[in-house]
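For the sequence shown, the positions run -26 to -1, 1 to 368 when mature numbering (1 follows the signal peptide of the UniProt record, and there is no 0) is used.
I have placed the structure first, in the form of structure tokens, so that the comments after it can refer back to it.
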Amino acid sequence: MAWTTSSITSASAIVLFLHYITLSLSQGGFSFTSPMAKSPEEQHPVNVVGWAAEDSSGVLAPINISRRATGEKDVTFKVLYCGICHTDLHQIKNDWGNTIYPVIPGHEIAGVVTEVGGKVLKFKVGDRVGVGCLVGSCHSCENCANDLENYCPKMILTYNGIYHDGTPTYGGYSNIMVCDESFVISIPENLPLDACAPLLCAGITTYSPLRYFGLDKPGMHVGVVGLGGLGHVAVKLAKAFGVKVTVISTSPDKKIEAIDRLGADSFLVSRDPDQMQAAMGTMDGIIDTVSATHPLLPLIGLLKSHGKLVMVGAPEKPLELPVLPLLTERKLVAGSVIGGIKETQEMINFAAKHNITADIELIPMDYVNTAMERLAKTDVRYRFVIDIGNTLKN
Ligand SMILES: *[C@@H]1O[C@H](CO)[C@@H](O)[C@H](O)[C@H]1NC(C)=O
Ligand SMILES: *[C@@H]1O[C@H](CO)[C@@H](O)[C@H](O)[C@H]1NC(C)=O
Ligand SMILES: [Zn+2]
Ligand SMILES: [Zn+2]
């Protein structure tokens, strides 16, 4: 359809009309048709203790907040563990300029159900559950219809987001979560809740591209760039798919760890031109977890023809992309972010079947500011997890 003046006008009219409907509905809901409207405190009667940053110093300290009462389709659970993701560090310091303070971070949350709403189908009191990066989406766009809530333009993040009712979302550095059951993951009995929590972000972030880009076939050769929170889980997942895994890192001292402890097949020091040259054209795909600025050409060179380089880290500045080597060997450079809820459950079930968890350092709540300083220096192998259940004082 051509965009004539009249179609633009009618499109604007439709937008205005929708806006009017939305306004009427919200006013009707809260002030006119419902004289018994509840105060914010009544709507959010659940007292919650968390740790929040109040400003871009990023220093976390105890805070009292409230959450909504368990709705018909909500699951309320006691938080036992929460992983510390690098995103948490960026958000508490407002590195991306979008932080709403106070911010309670945490989107690698695991715990046990204490209450479920009347229409909840999948969960009951006592179940072991988790929540990752998302707590809501529009449920009506094409991505939502295809179980890709992570690509919904209206997805609601677990913290630093605005929920359907207009209130801010708060993450898992807190003692109680209330979440729509559509965004709750069931955690199988054999997975320990502490070491499994990081899978809800780090695990799905690497599992989803391995699957979507077809890098999950036994006998394939996949490179993993960076051996941190994301990379170490990527190695374990790829090995469980039966893939040959090569870790690519700037630090030669990670070689023993990568091979002996995590089960990688080989190791490349990215700063060693001889090693890189010898491995040219050998990989079906690469999962690149590095968010610092780094050259792509050597990585593209490692790929076979038609190979795929998938970025899951988010460098702050654009990277230089050499196009000619993409053309001549039909190579692909792509990106991927977390995964949908259905796929997250699939990943957790896969992890349970293959006994895969993250390697963690369990810390008490009041160690969190020190942990953030160490994370900034990548001084952790490989994920901090906060022992919320035992150390967050109510
Ligand atoms: C939270 O509320 C409790 C109980 O009212 C109070 O004792 C505590 O000091 C409050 N904590 C903060 C950080 O405001
Ligand atoms: C699962 O992994 C954990 C830790 O990596 C290990 O201690 C345990 O023995 C494993 N269990 C099985 C059944 O392989
Ligand atoms: Zn994360
Ligand atoms: Zn949607």
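Just so you know, even glycine gets a beta-carbon here, dropped at the ideal spot from N, CA and C.
The model shown is predicted, which means the values in this text are computed figures rather than measured ones.
Those runs of the alpha helix (DSSP H) which lie wholly inside the region 159 to 190 and span at least 4 residues = Qualifying alpha helix (DSSP H) stretches, in chain order: 167 to 170 and 176 to 186.
> ligand 1 heavy atoms versus the CB of I337: any closer than 8 Å?
Replying inline: no
Exercise. Run the CB neighbour count on I136, radius 10 Å, all protein chains shown included, and call it buried at 16 or more, exposed below.
Key: exposed
Option in N323, E231, V354 and A208 with minimal Cα separation from L336 = V354
Going by beta carbon distance, what residues of the same chain come within less than 6 Å of G275, once the five residues before and after it are set aside? Non-local beta-carbon contacts of G275 in its own chain, meaning distances under 6 Å to residues more than five positions away in sequence, involve M254 in chain order.
Are there any heavy atoms of ligand 3 lying less than 8 Å away from the beta-carbon of H195, as far as the coordinates show?
no
Out of curiosity, what's the CA-to-CA distance linking G2 and K47? Residue placement at G2 is flagged as unreliable, the pLDDT there being 33, under the threshold of 50; the coordinate-derived value follows with that caveat. Rounded to whole angstroms, the separation of the alpha carbons of K47 and G2 is 23 Å.
Margin query: For the beta strand (DSSP E) containing N343, name the first residue and the last one.
Written below: Looking at the DSSP string, N343 is not in any beta strand (DSSP E); the run it does join, the alpha helix (DSSP H), is V342 to A350.
Practice problem: Express the C-alpha separation of H138 and L(-2) in angstroms, rounding to a whole number. | Solution: For L(-2), the predicted model reports a pLDDT of 35, less than 50, meaning its position is unreliable; a value from the coordinates is still stated below. Roughly 14 Å between the two C-alpha positions.
- prompt: Comparing alpha-carbon positions, which option in A232, H18, F51 and K67 lies nearest K98?
  reply: Looking at the Cα atoms, F51 is the closest of the given residues.
Q: Look at the alpha carbon of A35 and the alpha carbon of G45, and state the distance between them as a whole number of angstroms.
A: One C-alpha to the other measures close to 29 Å.
What are the boundary residues of the beta strand (DSSP E) that M250 is part of?
No beta strand (DSSP E) contains M250, which is instead part of the alpha helix (DSSP H) from P247 to A252.
Pocket of ligand 1 defined by Cβ to heavy atom distance under 7 Å: V23, P36, I37 and N38
In the region 260 to 322, which residue ranges form an unbroken beta strand (DSSP E) of at least 3 residues, counting only runs that do not cross its ends? 277 to 285 and 306 to 309
Notebook entry, point to check: Which residue or residues does DSSP assign as beta-bridge partners of W70?
Noted result: According to DSSP, which records beta bridges pairwise, W70 is partnered with nothing at all.
Item to check | Selected residue, minimal CA-CA separation from G287, among V264, G281, P269 and A308 | outcome: V264
With DSSP as the reference, identify every bridge partner of L131, one or two as the case may be. Secondary-structure assignment with DSSP links L131 through a beta bridge to L108.
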